[in-house]
Amino acid sequence: MRRQLIFIRRHLSFIFPVHKLLLLKMKRMNKHS
1403 MRRQLIFIRR HLSFIFPVHK LLLLKMKRMN KHS
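Spelled out as structure tokens, the structure:
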């Protein structure tokens, strides 16, 4: 159980920065159009 939590937390810490980058790209695309 604990091992699973650590794995999920690591996965989230990887996904969140990528998600923010995608959001920034989306905003820039919207500005251009």
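Residues 1403 to 1435 (this note's numbering) make up the sequence shown, in order. Backbone N, C-alpha and C fix where the C-beta goes; we use that ideal spot for every residue, glycine too. Bear in mind the structure is a predicted one, so any value in this text is a computation, not a measurement.
- Straight through space, the alpha carbons of lysine 1427 and proline 1419 are spaced by roughly 12 Å.
- Put simply, the backbone Cα of leucine 1424 is about 20 Å away from that of arginine 1411.
- For methionine 1431, the secondary structure class from DSSP, reduced to helix, strand or coil, is helix.
- In this structure, the straight-line span from the alpha carbon of asparagine 1432 to that of lysine 1422 is close to 15 Å.
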